[in-house]
Amino acid sequence: MRLGVHCSVGNGLKNTIKEAVSLGCETIQIFSRSPRAWGRKEFDLEEVKEFKKSLKENNIFPLVVHMLYLPNLASADKKLYKKSVDVLIDELKRCKILGAKYLVVHPGRYSTGDFETGIRNIIKAVNFAFSRVKNEIIILLENLAGGKTDIGWRFEELHRIIENVKDKKRIGVCIDTAHLFAAGYDISKKGFDNTLKEFDRVIGLEYLKFLHLNDSISERGLKVDRHTHIGKGNIGIEGFRAVLNHPKIKNLPGILETPRIRFNLIKDRKNLIILRRLTR
Numbered sequence: 160m161r162l163g164v165h166c167s168v169g170n171g172l173k174n175t176i177k178e179a180v181s182l183g184c185e186t187i188q189i190f191s192r193s194p195r196a197w198g199r200k201e202f203d204l205e206e207v208k209e210f211k212k213s214l215k216e217n218n219i220f221p222l223v224v225h226m227l228y229l230p231n232l233a234s235a236d237k238k239l240y241k242k243s244v245d246v247l248i249d250e251l252k253r254c255k256i257l258g259a260k261y262l263v264v265h266p267g268r269y270s271t272g273d274f275e276t277g278i279r280n281i282i283k284a285v286n287f288a289f290s291r292v293k294n295e296i297i298i299l300l301e302n303l304a305g306g307k308t309d310i311g312w313r314f315e316e317l318h319r320i321i322e323n324v325k326d327k328k329r330i331g332v333c334i335d336t337a338h339l340f341a342a343g344y345d346i347s348k349k350g351f352d353n354t355l356k357e358f359d360r361v362i363g364l365e366y367l368k369f370l371h372l373n374d375s376i377s378e379r380g381l382k383v384d385r386h387t388h389i390g391k392g393n394i395g396i397e398g399f400r401a402v403l404n405h406p407k408i409k410n411l412p413g414i415l416e417t418p419r420i421r422f423n424l425i426k427d428r429k430n431l432i433i434l435r436r437l438t439r
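Numbering of the sequence shown is given in the numbering used here, commencing with residue 160 and proceeding in unit increments.
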C-alpha cells in the first residue's frame, strides 16, 4: 500500500513537497485552497510546475485533492447549493492544473430538507459538474460517519449516487476508516472481510480507489466523527492490520488525516511508521 498524509499548502506548494519528502510520503492529499473559505487565489503556474516536477522526482503519486468543507451538495438552500456546485466545478478544473488524479468529496447532508431531495441534489450536482468539465479527474465520494443528516454513510446510499452518475469512469469511493467504524461497520480482525464483501456486493470493489486511514475516538456505531492516531482509538492496531493486509485492497493508496498541532510532524511520522510495520 502506498502511504502518505494530508499535507498543508498553507506555506506554499514548495513547502508541501518538503513536508511530504521529510515524512517519506508515497502519496499525498491536499486542499487546493483554504478549506474554510469560499474565496481562493489563482495558482502561480510556475510554482505549480515546480510542484508537479518535484512530485515526479520523488515518486509521490497519486496526488489527491480534498474539496473544502463549506459546500453541501445535498443542500435544499438554493443559494448554498449553487455555490456548492460552482465550487465542485472549480475544484475539478484546479485538480487538472495541479495534476491530481482524484477529488475527494463529502456527499453532503440534507439539514433542513429531506433525504430524497438531498440525494437527488448530489446526483444532479455530480452529473452537471461532469457535463461542464470534460477532463479525466475522478470524483471520490467519501463515506461519512452517519451523524445528523449525513448522506453517504451507508453503502446503499453511495451505491444509489454512483448508479445514477452518467460517467461511471469518473466516479468512485474513498473509504475513511474512522467514519466506517463510527457508522457501525466492522473493522475487527475477524469482521473486516465481511465488511469488504458487503461493499463489493452493494457497490462493487472496482469503485474503491482510496483510503483515509484514521483511528476512531468514537465507539463503533455511535455515528460520531472524531479521528485519532493509529492504535489510540477503538479500531486499534489489529483492525488496521486487517485493513492494510487485506488482499483485495492492499495495493490501494492511503493517507492519514490524524490530529496535528500546527506544523508539528512528529505524530504523522509516528503514525506512518506504525502503518508500515503493520504491512510487513
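Note that CB positions come from ideal geometry on N, CA and C, so glycine has one too.
Close-in-space but distant-in-sequence residues of the same chain around residue i (CB under 8 Å, 5 per side omitted)
i: Thr186; result: Arg161, Leu162, Gly163, Ile219, Phe220, Pro221, Leu222, Val223, Pro412, Gly413, Ile414
i: Tyr240; result: Asn231, Leu232, Ser234, Asn280, Ala284
i: Lys327; result: Ile321
i: His405; result: Phe351, Asp352, Leu355
i: Asp273; result: Ala235
i: Asn393; result: Phe340, Asp374, Ser375, Ile376, Ser377, Glu378, Arg379
i: Lys200; result: Arg192
Classification of residue i by the beta-carbon crowding that lies within 10 angstroms, buried from 16 upward
i: Pro266; result: buried
i: Thr417; result: buried
i: Ser375; result: buried
i: Trp312; result: buried
i: Ile389; result: buried
i: Thr438; result: exposed
i: Thr354; result: buried
i: Leu262; result: buried
i: Tyr228; result: exposed
i: Asn170; result: exposed
i: Ala196; result: exposed
i: Leu204; result: exposed
i: Asn294; result: exposed
i: Thr271; result: exposed
i: Glu216; result: exposed
i: Arg360; result: exposed
i: Lys208; result: exposed
i: Glu250; result: buried
i: Arg192; result: buried
i: Arg421; result: exposed
i: Lys260; result: buried
Residues sharing a beta bridge with residue i, DSSP
i: Phe345; result: What sits at residue 345 in the sequence shown is Asp, not Phe. DSSP lists no partner for Asp345.
i: Ile298; result: Leu262, Ile330
i: Ser375; result: His386
i: Asp309; result: Arg268
i: Leu370; result: Ile334, Gly413
i: Val164; result: Ile187, Leu415
Contact set for residue i: own chain, Cβ-Cβ below 6 Å, skip 5 residues either direction
i: Leu172; result: Glu206, Phe210
i: Asn430; result: His388, Ile389, Leu415, Thr417
i: Ala337; result: Asn373, Ser375, His386
i: Leu370; result: Ile334, Leu411, Gly413
i: Glu178; result: Cys166
i: Gln188; result: His165, Val223, His225, Ile414
i: Val246; result: Pro230
i: Ile176; result: Ser213
i: Ser243; result: Pro230, Asn231, Leu232
Cut-off 7 Å between Cβ atoms - residues of its own chain near residue i, not counting five sequence neighbours on either side
i: Ala341; result: Ala304, Gly305, Ser375, Ser377, Leu381, Lys382, Val383, Asp384
i: Lys391; result: Asp374
i: Ile248; result: Ala288, Arg291, Val292
i: Phe307; result: Strictly speaking, residue 307 in this sequence is Lys, with Phe absent from that position. Here the set comprises Arg268.
i: Ile433; result: Ile389, Gly390
i: Leu182; result: Val164, Leu424, Asp427, Arg428, Leu431
i: Arg435; result: Leu162
i: Arg419; result: Lys426, Asp427
i: Tyr344; result: Thr354
i: Phe358; result: Phe314, Leu364, Leu367
i: Ile256; result: Phe202, Val207
Distance between beta carbons of residue j and residue i, contact taken as under 8 Å
i: Lys368; j: Ile282; result: Going by Cβ atoms, the distance from Lys368 to Ile282 rounds to 19 Å, so no, they are not a contact pair.
i: Gly277; j: Ile310; result: 5 Å
i: Val402; j: Ile362; result: The Cβ separation is near 17 Å, so there is no contact.
i: Lys348; j: Glu397; result: 5 Å
i: Val332; j: Leu299; result: 6 Å
i: Val168; j: Phe190; result: 6 Å
i: Lys407; j: Leu364; result: 6 Å
i: Glu301; j: Val264; result: 7 Å
Proximity test, Cβ basis, 9 Å: residue i and chain B
i: Ile282; result: Any reference to chain B falls outside this structure, which holds one protein chain only.
Starting from the N-terminal side, write out each stretch of the beta strand (DSSP E) that is 3 residues or longer and does not extend beyond the segment 259 to 283.
-> Runs of the beta strand (DSSP E) inside the segment 259 to 283: 261 to 264.
Beta strand (DSSP E) runs wholly inside the segment 314 to 367, at least 3 long, in chain order = Segments of the beta strand (DSSP E) lying fully in the segment 314 to 367: 330 to 335.
Considering only residues of the segment 166 to 202, which uninterrupted alpha helix (DSSP H) runs meet the minimum length of 4 residues and lie entirely inside it, listed in chain order?
-> Counting whole runs of 4 or more residues, the segment 166 to 202 contains the alpha helix (DSSP H) stretches 172 to 182.
Pick out the complete beta strand (DSSP E) segments inside the segment 218 to 255, 3 residues or longer, and give them in chain order.
-> Uninterrupted beta strand (DSSP E) stretches at least 3 residues long and entirely within the segment 218 to 255 occur at 222 to 225, given in chain order.
Any chance you could list the beta strand (DSSP E) runs of at least 3 consecutive residues sitting entirely within the segment 395 to 428, in chain order?
-> Taking only runs of at least 3 residues, the beta strand (DSSP E) segments lying wholly in the segment 395 to 428 are 413 to 415.
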